[in-house]
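I have placed the structure first, in the form of structure tokens, so that the comments after it can refer back to it.
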Amino acid sequence: MTADHAPVAAGFTALEADAPHLVQLRRRTEAQLGRLSDALPTVPVLDDDDLFRGAEPAGVIEPGLSVVVCGSYGRGEAGPQADLDSYVLYEPERAAEARARVLARRVHGAAKAAGIRQPADGGAFESAQSTDALINTIGGVADVNQITTRRLLMLLEGRALAGEAVFRRTLDGLIATYVQDHHGRDDPATFLLNDVIRYYRSICVDFEMKTRGAEAKGWGLRNVKLVFSRKLLYVSGVVAAAETAALAVEEKRRLLGGLLGRPPIDRMLDVCGPMALAPALSHYDRFLAALDDPANRAALDVPPAEARALPLYRELKDEA
1 MTADHAPVAA
11 GFTALEADAP
21 HLVQLRRRTE
31 AQLGRLSDAL
41 PTVPVLDDDD
51 LFRGAEPAGV
61 IEPGLSVVVC
71 GSYGRGEAGP
81 QADLDSYVLY
91 EPERAAEARA
101 RVLARRVHGA
111 AKAAGIRQPA
121 DGGAFESAQS
131 TDALINTIGG
141 VADVNQITTR
151 RLLMLLEGRA
161 LAGEAVFRRT
171 LDGLIATYVQ
181 DHHGRDDPAT
191 FLLNDVIRYY
201 RSICVDFEMK
211 TRGAEAKGWG
221 LRNVKLVFSR
231 KLLYVSGVVA
241 AAETAALAVE
251 EKRRLLGGLL
261 GRPPIDRMLD
271 VCGPMALAPA
281 LSHYDRFLAA
291 LDDPANRAAL
301 DVPPAEARAL
311 PLYRELKDEA
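Anchor point for the sequence shown: position 204 equals 204 in UniProt numbering, and the numbering is continuous, going up by one each time.
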């Protein structure tokens, strides 16, 4: 297992009594990502795919590239039904976009070989992403939905499958943009806070768009995810921003550097502690256990009227 995939922390395993399924999924996720990371250098993609050729130490990708994992794998709660949501970051001054695309194909090949599900084509995780665009477009006309999604998911649940240095430089660049030198001590990181709020609102609007008309079949499953994992993502971002209040600029940046680019539950554990968080996580654990059952997922994959009539749906909404 690579250095990017540390064993499950002791503070996390302390939750086993209250959230056994969550801890089980974390262990599974770490093992899967470790195997995937180790397999990356061995998966043939193209004749000119020499990303790992002659690398020292073996398996280290060339400078300027990073594989960012989000979604269930980023949150550390990936069951057998989970897709691998990932994209490749590239620093334009160090790596070409074409090289990033080769690495993206290699990641998909390694995931396929490992039996890990792939997301639908054409989504936010399909192509390579310039670090400059991720950092310098915030709030501008070029800050399209795909870039916003990649940026916020990197911050709130992302992790580096490979290329930790690029991941960290990008994270630091984002934090420096959100917390600028002129920002006051008394205020929390309001720029970050507003972007987190904006992103959660876009998730809610996206839910409505994707469950209209013929697409309403998946309403129940999407709704349950919205009130559990998506809301956890949002709350953990708000909490991170709020923690920066009354800190000087450099202290704000340092704190956010430790809280962001990690699973949301880990961030909440750092801020709240295991004892305070355990009751909420026991509810979240029941959500994860329910959705880990393919029969439950199929039952929830129905339009609103049918979902609301299901005891399972009502139970999960009560848990939320």
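Where a beta carbon is used, it is the ideal one built from N, C-alpha and C, also for glycine.
Taking a C-beta distance under 8 Å as the contact criterion, Glu91 and Gly64 qualify as a contact pair. The beta carbon of Ala160 sits closer than 7 Å to the beta carbons of Asp4, Ser66, Val67, Val68 and Phe167 from its chain, once the five residues preceding and following it are set aside; these are given in chain order. Remark: C-beta atoms of Phe207 and Ala320 do not approach each other more closely than 8 Å. Boundaries for Leu310: no beta strand (DSSP E) harbours it, and the DSSP string shows neither H nor E there. Counting only the Cα atoms, Pro279 lies some 24 Å from Arg222. Within the stretch 96-152, complete beta strand (DSSP E) segments of at least 3 residues are not found at all. In this structure, the beta-carbon distance from Ala100 to Ala128 falls below 8 Å. Annotation for Leu259: no beta strand (DSSP E) segment contains it, though the alpha helix (DSSP H) segment containing it runs Val249 to Leu259. For the 8 Å CB-CB criterion, Ala111 and Leu153 do not form a contact. Here Leu174 is not near Arg198, since their CB atoms are 8 Å or more apart.
When the five nearest sequence neighbours on each side are left out, the beta carbons in the same chain lying within less than 7 Å of the beta carbon of Pro294 are those of Gln81, in order along the chain.
Distance from the Cα of Asp172 is smallest, within the candidate group Glu251, Arg230, Val144 and Ala17, for Glu251.
The stretch 240-258 and the stretch 188-198 touch, with three or more beta-carbon pairs separated by less than 8 Å. Short of 8 Å from the beta carbon of Pro20, and not among the five residues preceding or following it, lie these beta carbons of its own chain, in chain order: Asp285. Nearest to Ala216 by alpha-carbon distance, out of Thr29, Phe287 and Val302, is Val302. Your pair Ala299 and Leu288 does not check out as a contact, with CB atoms roughly 16 Å apart and the cut at 8 Å.
Non-local beta-carbon contacts of Asn136 in its own chain, meaning distances under 8 Å to residues more than five positions away in sequence, involve Thr177 in chain order.
Pro119 and Gly213 have their C-alpha atoms roughly 23 Å apart. When the Cα atoms are used, Glu97 and Ile147 turn out to be separated by approximately 16 Å.
The shortest C-alpha to C-alpha distance from Arg262 to any of Ser282, Glu77 and Ala17 is the one to Glu77. Arg159 carries a strand assignment under DSSP once its states are collapsed to helix, strand and coil. Residue Val224 holds the alpha-carbon nearest to the alpha-carbon of His283 among Asp195, Lys210, Leu259 and Val224.
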